[in-house]
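Colleague: Using the UniProt record's numbering, the letters of the sequence shown correspond one by one to residues 1 to 404.
Quick one: structure below, then a few questions.
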Amino acid sequence: MAASATTSTLAVTMFGYPNRNCHLKPPATATLRFWRSAAAAVVATSRREAEAEEADEVRRCLAPARLEVLEQMEPWVEAHVLPLLKPAEEAWQPADLVPDAAALGADGFHAACVELRGRAAGVPNAHLVCLVGNMVTEEALPTYQSMANRFESARDVTGADATAWARWIRGWSAEENRHGDVLNRYMYLSGRLDMRQVERTVHRLIGSGMAMHAPASPYHGFIYVAFQERATAISHGNTARNVRAHGDDALARICGAIAADEKRHEAAYTRVVERLLEADPDTTVRALAYMMRRRITMPAALMDDGRDADLFAHYAAAAQQAGTYTASDYRGILEHLIRRWRVAELEAGLSGEGRRARDYVCALPQKIRRMEEKAHDRAAQMRKRPTAIPFSWIFDKPVDLMLP
1 MAASATTSTL
11 AVTMFGYPNR
21 NCHLKPPATA
31 TLRFWRSAAA
41 AVVATSRREA
51 EAEEADEVRR
61 CLAPARLEVL
71 EQMEPWVEAH
81 VLPLLKPAEE
91 AWQPADLVPD
101 AAALGADGFH
111 AACVELRGRA
121 AGVPNAHLVC
131 LVGNMVTEEA
141 LPTYQSMANR
151 FESARDVTGA
161 DATAWARWIR
171 GWSAEENRHG
181 DVLNRYMYLS
191 GRLDMRQVER
201 TVHRLIGSGM
211 AMHAPASPYH
221 GFIYVAFQER
231 ATAISHGNTA
241 RNVRAHGDDA
251 LARICGAIAA
261 DEKRHEAAYT
271 RVVERLLEAD
281 PDTTVRALAY
291 MMRRRITMPA
301 ALMDDGRDAD
311 LFAHYAAAAQ
321 QAGTYTASDY
331 RGILEHLIRR
341 WRVAELEAGL
351 SGEGRRARDY
361 VCALPQKIRR
371 MEEKAHDRAA
381 QMRKRPTAIP
391 FSWIFDKPVD
401 LMLP
């Protein structure tokens, strides 16, 4: 029996071909087990090869020659990126946009809060959910500064570096810090929200962190942030329009001020990628394709309130339905960046892989559009009814959502 088993095993090589020196045929069950394990091995090998290829692509961006491009950009960052920051003396502060008890006095502060609550009462629950989702995203700023400080050759090594890259990161963070602060104060004064649940969500999100593809690569990182800053500007801008339509001009001003900041930040990161495309087009367009193949994941994708296991998906559905941030916006951002960075015109300096990356990126918006149309057609055919989803942020009141 032992000899037979040994001979049967030798009858098949690792590639599944019979050993020519063996005339014995393995049992059918052994053959079936072999082919199943062989198929699994092929899948595992393909996955490992794909992961190795991805790792090689990222390592390529971290090669000394690639990082030297970032180091040589230092004077350019000083001249073209840092001026987009506003000094603290010129920038708006949260106290400018919400009632300030010290400035207004007791009676004035009370009257201002009554007016704020009166206007906030007219904002639909769905828009409040979107507002909280935006605010929770903004409040996770410690995570984003940590991520920015992972970009090789463009980070703040000591925490107080004098380089242009380091001063940009700190200045950007200082401006971003006001966004969560002012939204938090508005929500607290509005009386419409369960602030303890909102604060728990922020706490959990910062504790959970975020996952970003190729986090150490400045090429991939700046592409990600350029996309995200535009997405955030759109989200806050749409929120401003939505709440103004429901009579809350104060909240509209807050969201509009935040959106204006995000547009300046978008301009900065867009310029950086534009410069990288000029200096190193092949590496940059390949990084762009890499990020788009994996989709731009939202920074708050790990949000958790301790109750709803699908909180981010439900928040995203509310944003889609309310017109705060939609699938069409995602496609529109990509189309805008392709135009702005003149991706379709890239030719000089591209390798074969670079040209394939360029072509993939340029064809992607149309693919996304077709997916949108198919999803819309499926939804129309199914005629699904909305599902009432309770949100802990608004005291478990339900919002009717069309879920996939």
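Beta carbons are placed, not taken as given, at the ideal position from N, Cα and C, and that holds for glycine.
1) Could you tell me which of D280, T137, R356 and E74 sits nearest to A154, measuring between CA atoms?
2) Starting from D107, trace the alpha helix (DSSP H) in both directions and tell me its first and last residue.
3) Which residues in the same chain have their Cβ closer than 6 Å to the Cβ of M195, if we skip the five residues on either side of it in sequence?
4) Of the choices W341, R356 and A327, whose alpha-carbon is the least far from that of E372?
5) Near P99, which residues of its chain fall below 6 Å by C-beta distance, leaving aside the five closest residues on each side in sequence?
6) For A38, name the three-state secondary structure that DSSP assigns.
7) Assuming the contact rule is C-beta atoms closer than 8 Å, D248 and G122 should be a hit. Round their C-beta distance to whole Å, please.
8) For the putative contact between residue 405 and V129, defined by C-beta atoms under 8 Å, what is the C-beta separation to the nearest angstrom?
9) What residue does the beta strand (DSSP E) around D400 start on, and which one ends it?
10) On a Cα-Cα basis, can you pick out the residue from D161, N134, R370 and H80 that is closest to residue 409?
11) Beta carbon of S208, beta carbon of M135: below 9 Å?
12) Is the beta carbon of V77 closer than 9 Å to that of A148?
13) How should G306 be labelled, buried or exposed, when 16 other C-beta atoms within 10 angstroms of its C-beta is the threshold for buried?
14) Could you tell me the distance, in whole angstroms, from the CA atom of V361 to the CA atom of E274?
15) Distance, Cα to Cα, A318 vs R331?
16) Counting C-beta neighbours from all protein chains within 10 Å, is the total for A126 16 or more, i.e. buried, or is it exposed?
17) Distance, Cα to Cα, R264 vs A233?
18) Am I right that P281 and G349 are in contact with their C-beta atoms under 8 Å? What's the rounded C-beta distance?
19) Among the residues of its own chain, which have a CB less than 6 Å from the CB of E229, if the five just before and after it don't count?
20) Taking the alpha-carbon of T297 as reference, which of L67, T137 and H376 has the nearest alpha-carbon?
21) To the nearest angstrom, how far is the alpha carbon of V202 from that of E175?
22) Compute the Euclidean distance between the alpha carbons of E54 and L288, then round it to the nearest angstrom.
23) Among residues of its own chain, excluding the 5 on either side of H246, which ones have a beta-carbon nearer than 8 Å to its beta-carbon?
24) Sort P386, Y144, A103 and C61 by Cα distance to A211 and report the nearest one.
25) So is the beta-carbon of N125 under 8 Å away from any non-hydrogen atom of the ligand GTP?
26) Comparing C-alpha positions only, which one of K374, M382, A65 and L403 sits nearest to A388?
27) Once DSSP output is grouped into helix, strand and coil, what is the label at F312?
Modeller: To lay it out plainly:
1) It is E74.
2) Boundaries of the alpha helix (DSSP H) harbouring D107: A101 to A120, taken from the DSSP string.
3) Excluding sequence positions up to five before and after M195, its CB lies within less than 6 Å of the CB of Y188, all in the same chain and listed in chain order.
4) Measuring from the Cα of E372, the nearest candidate turns out to be A327.
5) Within the same chain, F109, A112 and C113 come within 6 Å of P99 by CB-CB distance, once the 5 residues on both sides are set aside.
6) Since pLDDT at A38 reaches only 48, below the 50 mark, its modelled position is unreliable, and no value is offered.
7) Contact holds; Cβ gap of about 6 Å.
8) One cannot answer for residue 405 here, as it falls past the ends of the chain, which runs 1 to 404.
9) According to the DSSP assignment, D400 belongs to the beta strand (DSSP E) that extends over K397 to L401.
10) Residue 409 is absent from the model: the chain starts at 1 and stops at 404.
11) Their beta carbons are not under 9 Å apart, which means S208 does not touch M135 by this criterion.
12) Cβ distance not < 9 Å, so A148 and V77 don't count as in contact.
13) Taking every protein chain shown into account, the CB of G306 has fewer than 16 other CB atoms within 10 angstroms, so this residue is exposed.
14) Here the alpha carbons of E274 and V361 stand approximately 15 Å from one another.
15) Going from the Cα of A318 to the Cα of R331 covers about 18 Å.
16) Buried: at least 16 other Cβ atoms inside 10 Å.
17) Note on geometry: alpha-carbon atoms of R264 and A233 lie some 9 Å from one another.
18) Sure, about 5 Å apart at Cβ, within 8 Å.
19) Excluding sequence neighbours, E229 sits near E262, H265, E266 and Y269.
20) Of the candidates L67, T137 and H376, T137 places its Cα closest to the Cα of T297.
21) Pairing V202 with E175, the inter-Cα distance amounts to about 19 Å.
22) Their backbone Cα atoms lie some 13 Å apart in a straight line.
23) Around H246: G122, V123, P124 and H127.
24) The option with the nearest alpha carbon to A211 is Y144.
25) By its list of ligands, the structure shown contains no ligand whatsoever, and the ligand GTP lies outside what it can speak to.
26) Ranking the options by Cα distance to A388, first place goes to L403.
27) F312: helix per DSSP, three-state reduction.
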